[in-house]
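Student:
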Amino acid sequence: MRKLINDPAEVVPDALRGLAAAHPGLRVDPEARVVVRADAPRSGKVGLVSGGGSGHEPLHAGFVGYGMLDAACPGEVFTSPVPDQIVAATTAVHGGAGVLHVVKNYTGDVLNFRMAAELAEDEDVEVATVVVDDDVAVEDSTYTAGRRGTGATLFVEKIAGALAEEGAPLDAVAAVAREVNDRTRSFGVALSACTVPAAGRPTFQMAEDEMELGVGIHGEPGRKRVRAGTATEIVEAALTAVDADMSLAGSEVLLLVNGMGGTPLLEQYVACGAAAEWLAGHGVTVARTLVGPFVTSLEMAGCMISVCRLTPDLLRLWDAPVETPALRWGR
Amino acid sequence: MRKLINDPAEVVPDALRGLAAAHPGLRVDPEARVVVRADAPRSGKVGLVSGGGSGHEPLHAGFVGYGMLDAACPGEVFTSPVPDQIVAATTAVHGGAGVLHVVKNYTGDVLNFRMAAELAEDEDVEVATVVVDDDVAVEDSTYTAGRRGTGATLFVEKIAGALAEEGAPLDAVAAVAREVNDRTRSFGVALSACTVPAAGRPTFQMAEDEMELGVGIHGEPGRKRVRAGTATEIVEAALTAVDADMSLAGSEVLLLVNGMGGTPLLEQYVACGAAAEWLAGHGVTVARTLVGPFVTSLEMAGCMISVCRLTPDLLRLWDAPVETPALRWGR
Amino acid sequence: MNGADFSAWIRRAAELVTADAERLTTLDAAIGDGDHGHNMARGFAAAVAAVDELPEDVVPGRVLVAAGRAIVSKTGGASGPLYGTALRRAGKALGDVADVDVTGLAGALQAALDGVRELGKAVEGDKTMVDALAPAVAAYEAAVENGADLATAMQAAVDAGETGLEATAPLEARKGRASYLGPRSVGHLDPGAASTVLVLLALLDVARGEG
Amino acid sequence: MNGADFSAWIRRAAELVTADAERLTTLDAAIGDGDHGHNMARGFAAAVAAVDELPEDVVPGRVLVAAGRAIVSKTGGASGPLYGTALRRAGKALGDVADVDVTGLAGALQAALDGVRELGKAVEGDKTMVDALAPAVAAYEAAVENGADLATAMQAAVDAGETGLEATAPLEARKGRASYLGPRSVGHLDPGAASTVLVLLALLDVARGEG
Ligand SMILES: Nc1ncnc2c1ncn2[C@@H]1O[C@H](COP(=O)(O)OP(=O)(O)O)[C@@H](O)[C@H]1O
Ligand SMILES: Nc1ncnc2c1ncn2[C@@H]1O[C@H](COP(=O)(O)OP(=O)(O)O)[C@@H](O)[C@H]1O
Ligand SMILES: [Mg+2]
Ligand SMILES: [Mg+2]
Ligand SMILES: [Mg+2]
Ligand SMILES: [Mg+2]
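Shown next, in the form of structure tokens:
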């Protein structure tokens with residue numbers, strides 16, 4: 293296992309110490325495992341709290357700051373955070389206007405955030421929750437756990453964070469967060485597995501010439517295992533799945549070409565070129581493009597494509613100033 | 293080979309098409325392989341041009357924009373660009389105040405930039421050249437090719453770019469570039485090799501439990517091959533080598549904890565925590581820290597640490613606004 | 185059973201899930217994310233630590249509530265809230281009685297099952313821990329009605345739980361991470377059902393006086 | 185030798201370096217960055233394309249200048265400027281003569297060597313292409329002084345080049361990428377010296393009328 297770590301059991305607090313050292317704009321508690329904006333709580337501002345298993349960096353801690361999240365709760369690698377962390381973060385950012393929990397749709401995340409929300413409300417903090425579920429690789433149904441939350445999380449956190457920064461009330465911030473989730477679809481492809489430090493071996497086996505279509509961001513197996521294709525074929529598979537679920541023709545979109553962690557940026561740009569060509573060829577206007585490793589799965593090779601159908605309002609909020617370790621513009 | 297590409301021979305132009313699609317602020321010519329600021333040439337402003345082999349992204353094209361580079365010339369993967377590219381970039385950004393070439397110290401880069409400078413001067417463009425050679429893993433000597441250029445390149449491009457943006461003349465911009473290079477040292481450690489698309493197999497073989505101390509950013513073998521250590525041991529090896537070459541005690545520094553491409557950001561932050569602890573323990577004040585994959589070697593696992601001894605002026609120029617695909621703040 | 189017996193149950197459960205952590209994780213790697221063994225071991229270790237803090241003469245209900253709280257606080261994942269809620273609900277059902285008899289335990293087990301059902305919204309056949317816990321609780325109650333003693337009734341519960349676990353193999357998961365696999369989840373045992381059997385086994389050991 | 189013969193040399197050199205690209209790349213992977221074969225193949229393919237553009241009756245000097253320019257423009261790396269400069273200097277040395285004799289070629293080879301030395305600042309013993317080219321040029325001149333004909337003199341050049349190549353193995357590199365390895369560069373042949381032997385071999389083939 294080629295890991296740049298010390299004790300596998302201490303990876304999360306060790307990384308949080310590094311985060312604290314690198315970013316004075318963050319208040320980091322490595323033991324409680326909570327990352328909070330240094331200027332929190334901002335009175336009158338809705339607080340945004342997210343969290344989930346570690347191993348997806350920069351998600352979520354890398355998105356804490358002006359115009360995005362107020363706090364993040366990193367769990368163990370690929371394991372949701374516990375209610376204590378979430379409650380601590382929620383009370384730390386509550387400025388009197390309530391707190392929005394941005395939760396990726398995994399049973400563990402949903403249950404732990406639900407318990408935390410109940411506990412926080414006992415402390416008179418109004419909590420609203422948006423569950424992100426944009427992964428079209430998973431067949432949806434009311435009888436199942438539903439779709440996974442992946443790339444849309446970044447869009448939701450940025451856009452809802454911008455509206456909260458404008459001083460909008462909790463219900464409005466929650467509404468725009470749900471709107472972004474409803475208008476976003478994602479599909480991921482893995483070219484290799486990844487290794488959870490505590491486990492020490494890859495979460496699944498894959499031959500050199502194979503790829504996993506519709507892989508999850510925890511290295512969960514996806515829709516099917518096929519022969520590895522070219523970047524153009526991979527991107528087409530992803531965008532076809534997205535388009536089949538939410539027709540894109542004629543719309544103006546926000547595009548994320550996301551590296552899963554082990555694929556070089558050079559190759560992510562090759563995928564971006566293929567995506568831009570496919571979208572142009574299908575009558576889709578790309579208003580903004582983000583390329584890079586933003587929602588990762590440790591060192592998994594591959595990419596995920598997320599597409600959000602914009603409205604003028606959503607585009608304005610996307611363009612609004614943001615100042616976090618991993619996403620920054622306008623200030 | 294798990295690559296997200298189409299034709300190995302077309303990786304560079306394919307990636308440049310993606311770069312063009314993602315960044316409207318850049319003027320990209322995938323065939324001529326030149327990336328230029330959309331607003332170039334800026335009359336009266338010194339132009340900054342850099343370039344080198346591809347596979348180190350975001351270096352250099354990701355650093356083209358306000359306050360940094362005016363143009364970049366990406367060569368084949370791990371192969372320096374050719375004079376034609378460099379001349380095209382140089383004339384495209386010449387605003388009457390001359391052009392600075394930022395060249396990493398590899399024979400190929402040095403020779404191709406030298407030929408290009410001669411050709412550009414035939415076209416009456418005044419060219420100054422700064423050769424970056426910060427890698428302490430290589431024993432220096434006047435009889436050899438000298439040290440390699442690695443992490444300092446980012447510092448040089450940012451700081452010289454800021455001074456050029458202020459309207460300083462060519463000699464002053466070249467002088468500050470040399471000053472940054474003189475005050476910076478780097479040391480890299482690889483936990484795995486990387487695969488050049490055209491070659492199809494790793495540039496070197498390494499056992500699961502080994503690491504390469506002092507590896508180059510082209511997967512060149514380094515100082516020695518040893519048993520893989522903990523993040524703390526790896527960081528200590530790197531900082532000890534840096535400190536032995538340029539004593540750090542008592543100085544205020546700019547720190548880069550650089551992922552080589554295949555190491556998750558979570559682990560890069562673990563390394564950052566170890567580096568911060570080592571520096572604090574050795575009487576070094578860290579004024580600014582940058583963590584992430586900025587100067588990469590395709591999907592190589594590992595990290596490189598670069599340290600620049602700051603002056604108040606250099607810190608001011610580092611903090612000055614920059615707006616590029618990979619480095620952005622202040623606007 | 186008094187407070188000490190319930191503390192012994194938690195300790196025994198911690199031993200069993202820790203000893204089998206590798207197997208649980210392997211099951212989870214097949215249809216989930218390969219951490220169930222770590223999660224259970226971490227959670228029950230926290231439960232033991234919490235139970236160790238309690239006074240000698242603590243009542244059974246407080247033991248289970250403390251253990252449940254600790255598991256919720258320290259585990260994470262889906263199993264943390266579910267096991268934690270199960271134990272907390274069971275503890276609340278026991279109230280302040282100092283000595284729990286066979287019927288008292290029946291109420292506690294039923295409360296645990298209800299807690300898991302409410303929180304997780306899973307029904308039998310969804311390929312979750314419910315597929316082991318529900319038949320186990322039913323079998324325990326049936327045995328008690330037929331006048332069985334604690335050990336006999338718990339043996340019936342464990343047997344039914346094991347049968348329920350085996351029955352998860354052919355199922356297609358509809359809840360939890362495994363549900364993302366759809367048909368590809370068929371042919372694997374559910375890790376949470378497997379850990380549920382271990383926790384029931386721990387209680388049987390205590391009932392037998394082997395805890 | 186007329187312009188057609190020099191064009192034949194460039195084409196033959198392209199064949200040889202392309203056929204041996206794998207070997208050159210493997211040598212470069214050991215002490216460099218594993219791309220020398222690709223660089224040489226890419227560069228000489230561009231040289232052939234440029235030469236194909238030239239008129240039938242072109243003079244030798246223009247052939248080499250055109251080939252050198254193309255190699256500089258298309259190769260990159262260290263070898264591009266070095267080989268390109270070598271050919272351009274050789275071409276300039278030949279001037280406009282339509283037919284080059286043994287002594288004329290001696291001047292051209294010497295000019296090529298001087299070009300490489302000036303640009304790369306390498307001396308013999310630095311473990312570079314100079315270690316093959318310098319002895320080859322010397323051997324050629326010696327043979328010519330002893331009245332040898334073209335083929336014989338080029339045979340002497342190739343033999344000396346091969347000896348020079350073998351002699352690079354024990355050397356510690358002081359120039360180019362391999363110099364970063366210091367002592368670890370010892371025990372490997374220099375890839376650029378190996379490709380230099382191939383380019384000389386191509387000229388020998390033409391001299392022998394086998395081009
Ligand atoms: N909605 C649910 N209801 C009941 N049990 C569930 C539910 N979702 C998951 N589980 C149980 O949790 C187990 C997985 O636990 P674990 O691996 O620790 O959490 P995670 O899936 O978050 O990694 C599954 O095997 C299943 O038995
Ligand atoms: N300064 C120099 N002078 C002469 N030859 C050199 C010099 N530096 C490198 N070379 C030659 O170039 C060869 C490497 O060429 P190549 O691999 O194509 O370029 P790069 O090293 O840029 O990848 C070396 O084997 C050596 O023979
Ligand atoms: Mg998990
Ligand atoms: Mg090279
Ligand atoms: Mg799991
Ligand atoms: Mg080379």
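Protein chains in written order, with our numbering: chain Z, 293 to 623; chain S, 293 to 623; chain P, 185 to 395; chain D, 185 to 395.
The beta carbon of each residue, even a glycine, is placed where N, CA and C say it ideally should be.
DSSP on tyrosine 435/Z, reduced to helix/strand/coil?
Tutor: coil
Student: May I have the straight-line CA-CA distance separating valine 320/S from leucine 392/S, to the nearest angstrom?
Tutor: 20 Å
Student: Assign glutamine 560/S to one of two classes, buried (16 or more other C-beta atoms within 10 Å of its C-beta) or exposed (fewer than that).
Tutor: buried
Student: Residues of chain A with CB closer than 9 Å to the CB of aspartate 376/S, please, in chain order.
Tutor: This model lacks chain A altogether, as its protein chains are Z, S, P and D.
Student: Please state if the CB of proline 350/S and the CB of phenylalanine 586/S are separated by a distance shorter than 8 Å.
Tutor: yes
Student: Give the secondary structure of phenylalanine 370/Z by DSSP, where H, G and I count as helix, E and B as strand, and everything else as coil.
Tutor: coil
Student: State the start and end residues of the unbroken alpha helix (DSSP H) segment that holds aspartate 376/S.
Tutor: Run containing aspartate 376/S: 375–385, per the alpha helix (DSSP H) assignment.
Student: Taking CB distances under 8 Å as the criterion, tell me whether leucine 607/Z reaches chain S.
Tutor: no
Student: Strictly below 7 Å CB to CB, what residues from chain P border tyrosine 398/Z?
Tutor: Going along chain P in sequence order, the residues near tyrosine 398/Z (Cβ under 7 Å) are Arg361.
Student: Quick one: what's tryptophan 621/Z bridged to in DSSP?
Tutor: Val614/Z
Student: With a floor of 3 residues, list each beta strand (DSSP E) that falls wholly inside the stretch 524–584 of chain S, ordered by position along the chain.
Tutor: The stretch 524–584 of chain S contains these whole beta strand (DSSP E) runs: 544–551, 577–584.
Student: Taking Cβ-Cβ distances shorter than 9 Å, what residues in chain P pair up with threonine 495/Z?
Tutor: Ala213, Asp217, Gly218
Student: Between the Cα of leucine 590/Z and those of Val417/Z, Asp427/Z, Arg493/Z, Ser598/Z, spot the shortest distance and give me the residue it belongs to.
Tutor: Arg493/Z
Student: Would you list the one or two residues that DSSP bridges to threonine 595/S?
Tutor: Sequence inspection shows cysteine at residue 595/S; the threonine mentioned does not correspond to that position. DSSP, once it has assigned bridges, lists Val481/S, Gly551/S as partnering cysteine 595/S.
Student: Candidates Glu528/Z, Val576/Z, Gly542/Z: which alpha carbon is nearest alanine 563/Z's?
Tutor: Glu528/Z
Student: Can you tell me where the alpha helix (DSSP H) with alanine 307/S in it begins and where it stops?
Tutor: 303–314
Student: Just to confirm the assignment: which complete alpha helix (DSSP H) runs, minimum length 4, are found wholly within the stretch 225–304 of chain P?
Tutor: 244–258, 263–278, 286–304
Student: May I have all residues whose beta carbon comes closer than 5 Å to any heavy atom of ligand 5, sorted in chain order?
Tutor: Result (chain order): Asp212/P, Gly216/P, Asp217/P, Asp219/P, His220/P.
Student: Hey, could you find the ends of the beta strand (DSSP E) leucine 208/P is sitting in?
Tutor: Leucine 208/P -> not in any beta strand (DSSP E); alpha helix (DSSP H) instead, spanning 205–215.
Student: Could you tell me whether the stretch 497–510 of chain S touches the stretch 456–464 of chain S, where touching means 3 or more Cβ pairs closer than 8 Å?
Tutor: no
Student: Distance, Cα to Cα, valine 417/Z vs serine 484/Z?
Tutor: 43 Å
Student: With respect to the alpha helix (DSSP H) encompassing leucine 384/D, which residues constitute its N-terminal and C-terminal limits?
Tutor: 375–391
Student: Quick check: what's the CA-CA separation for lysine 311/D versus threonine 399/S?
Tutor: Going by the C-alpha atoms only, they are around 14 Å apart.
Student: Express the C-alpha separation of glycine 508/Z and glycine 366/P in angstroms, rounding to a whole number.
Tutor: 13 Å
Student: With contact counted as at least three CB pairs below 8 Å, one residue from each stretch, are the stretch 402–415 of chain S and the stretch 371–381 of chain S in contact?
Tutor: In short, these stretches touch, since the Cβ pair count reaches three.
Student: On the CB-based measure, 16 or more other CB atoms within 10 Å of its CB, does methionine 577/Z come out buried or exposed?
Tutor: In the sequence under discussion, the amino acid at residue 577/Z is threonine, which differs from the methionine named in the question. Burial call: exposed.
Student: Starting from the beta carbon of histidine 372/D, find every residue of chain S whose beta carbon is closer than 8 Å, and list them in chain order.
Tutor: Within chain S, no residue comes near histidine 372/D; the closest Cβ sits about 11 Å away, beyond 8 Å.
Student: Taking the Cβ atom as the reference point for each residue, do threonine 269/D and leucine 303/D lie within a distance shorter than 8 Å?
Tutor: yes
Student: In chain order, what residues of the same chain have a beta carbon less than 7 Å from the beta carbon of glycine 542/Z, not counting five sequence neighbours either side?
Tutor: Excluding positions up to five away in sequence, the list reads Gly575.
Student: What does a CB cutoff of less than 6 Å around valine 423/S pick up in its chain, not counting 5 residues either side in sequence?
Tutor: Val395, Asn397
Student: Any heavy atom of ligand 1 closer than 7 Å to the Cβ of asparagine 397/Z?
Tutor: no
Student: Flag methionine 313/P as yes when its Cβ comes closer than 7 Å to any non-hydrogen atom of ligand 1, and as no otherwise.
Tutor: yes
Student: For a contact defined as C-beta to C-beta under 9 Å, what are the partners of serine 346/Z on chain S?
Tutor: Leu558
Student: Can you confirm whether glutamate 500/S, when its beta carbon is compared against all beta carbons of chain Z, has any partner nearer than 8 Å?
Tutor: By the rule that beta-carbons nearer than 8 Å mark a contact, glutamate 500/S touches chain Z.
Student: Going by Cα to Cα distance, which pick from Gly521/S, His510/S, Cys486/S, Gly551/S is closest to lysine 295/S?
Tutor: When each option's Cα is compared against that of lysine 295/S, the closest is Cys486/S.
Student: Considering only the beta carbon of each residue, do proline 319/P and glycine 345/P sit closer than 8 Å?
Tutor: A contact, by the Cβ cut-off of 8 Å.
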